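Data block below; observations after.
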Amino acid sequence: MVEWTDFERATIKDIFSKLEYDVVGPATLARCLVVYPWTQRYFGKFGNLYNAAAIAENAMVSKHGTTILHGLDRAVKNMDDIKNTYAELSVLHSEKLHVDPDNFQLLADCLTIVVAGRFGNTFTGEVQAAFQKFLSVVVSSLGRQYH
Amino acid sequence: MSLSTKDKETVKAFWSKVSGKSEDIGNDALSRMLVVYPQTKTYFSHWKELTPGSAPVRKHGMTVMKGVGDAVSKIEDLTAGLMELSELHAFTLRVDPANFKILSHNILVVFAIMFPKEFTAEVHVSMDKFLAALARALSEKYR
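Heads up: the sequence lines are chains A and B, in that order.
If you count by this note's numbering, then the first sequence holds residues 1 to 147, one letter each, in order.
If you count by this note's numbering, then the second sequence holds residues 1001 to 1143, one letter each, in order.
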């Protein structure tokens, strides 16, 4: 089981309570599709992903970005059992969506950078450490049911 | 994944905006690295202190960012331009190249914090590619 310090719990809850999911979600997914363009392979049905501007304006990308952030919310609310909270989602990503689990880390890195941009100097090294620890548990749990 | 003409232009333009803050960028990136990835502290056991913002950290952050700036000026041929630095890292420092990615990530986080408007997705991808190319050039002499 993952051990969380009081600081880590408080930090994660604090960050997510201050995030606008429908801004940060779309910004994160859009950034991932631009910075790591091979991730576009999973979004063939999303229409125009031709350049950064098109990706930023794409309504399907925005909607899906928001969905992803709400998905992270479930981990925030169940920090002591993220592994089981995400078991079904892991199966979904493996067996139905066929997403290479390496991509989860790419998205996590983009989320860290978007959150850093929004929080500025309050995103200290300690806060970053807590945030990245949380995301690494999420990434690991999402990959767990792959076989 | 080599640098396109557009990447090089983007890197040079962004660097000209941010290089004035090199010392702060280097200090923050290195400080973050030592806190978020504690295994990186193993390379600095010879320092008097490792706390974020301390004198050795600030000094070394500047050294690193000078190297980055140097790489920007040699962007047309990083392998040749960084040959000496590669030999230093390969034979003397012997830093595991996996750590280049870690430091690069923290430099990007600092860019996002210090330059939120300028560090767009397009600048992000070019800078990420550039730092990866830099890391490759630094790894050239390892084996």
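The beta carbon of each residue, even a glycine, is placed where N, CA and C say it ideally should be.
Here the structure is a predicted model, which is why all the values come from computation and not from measurement.
Taking a Cβ-Cβ cut-off of 8 angstroms, the neighbours of VAL1035 of chain B in chain A comprise GLY125, GLU126, GLN128, ALA129, given in sequence order.
At a cut-off of 7 angstroms between beta carbons, GLY25 of chain A makes no contact with chain B. With fewer than 16 other Cβ atoms from the protein chains shown falling within 10 Å of its own Cβ, LYS77 of chain A counts as exposed. From the beta-carbon of GLN132 of chain A, the residues of chain B found nearer than 7 angstroms are VAL1036. For the pair ILE55 of chain A and PHE134 of chain A, the CB atoms are not nearer than the 7 angstroms cut-off. A residue is called buried when at least 16 other Cβ atoms come within 10 angstroms of its Cβ; GLN1039 of chain B does not meet this threshold and is exposed. Scanning its chain for C-beta atoms nearer than 8 angstroms, with the 5 sequence neighbours on each side dropped, one finds around VAL1018 of chain B the residues ILE1025, PHE1111, MET1114, PHE1115, GLU1118, in chain order. Rounded to the nearest whole angstrom, the C-alpha separation of HIS1124 of chain B and LEU89 of chain A is 29 angstroms.
Within the same chain, ILE82, THR85, TYR86, PHE134, VAL137, VAL138, SER141 come within 8 angstroms of ALA75 of chain A by CB-CB distance, once the 5 residues on both sides are set aside.
The alpha carbon of ALA10 of chain A has as its nearest neighbour, out of A:LEU106, A:ALA130, A:ARG144, the alpha carbon of A:ALA130.
Listed along the chain, the chain B residues whose CB falls inside 8 angstroms of the CB of ARG31 of chain A are ALA1121, HIS1124. Straight across, the Cα-Cα distance linking LEU107 of chain A with LEU97 of chain A is about 16 angstroms. In this structure, LEU1093 of chain B lies away from VAL1057 of chain B, with their beta-carbon atoms at least 7 angstroms apart. SER1104 of chain B has its alpha-carbon roughly 14 angstroms from the corresponding atom of THR112 of chain A.
Close to HIS1060 of chain B, with beta-carbon spacing below 8 angstroms, lies no residue of chain A; the smallest spacing is near 16 angstroms. Considering only beta carbons, the part of the segment 1126-1138 of chain B lying closer than 7 angstroms to chain A consists of ASP1128, in chain order.
Distances from the alpha-carbon of ASP14 of chain A to those of A:HIS93, A:TYR42, A:PRO37, A:ASP73 put A:ASP73 closest.
DSSP places TYR50 of chain A in the coil class of the three-state scheme, outside both helix and strand. Contacts with chain B at 7 angstroms (Cβ-Cβ) do not include GLY65 of chain A. Using a 10 angstroms sphere on the CB of SER62 of chain A, the tally of other CB atoms reaches 16 or more, which defines it as buried. For ALA59 of chain A, no Cβ of chain B is located within less than 7 angstroms of the residue's own Cβ. DSSP, read as helix, strand or coil, puts PHE1119 of chain B in coil. Interface annotation, SER1104 of chain B: not in contact with chain A, CB-CB separation never under 7 angstroms. Counting along the chain, ASP14 of chain A sits inside the alpha helix (DSSP H) bounded by residues 6-18.
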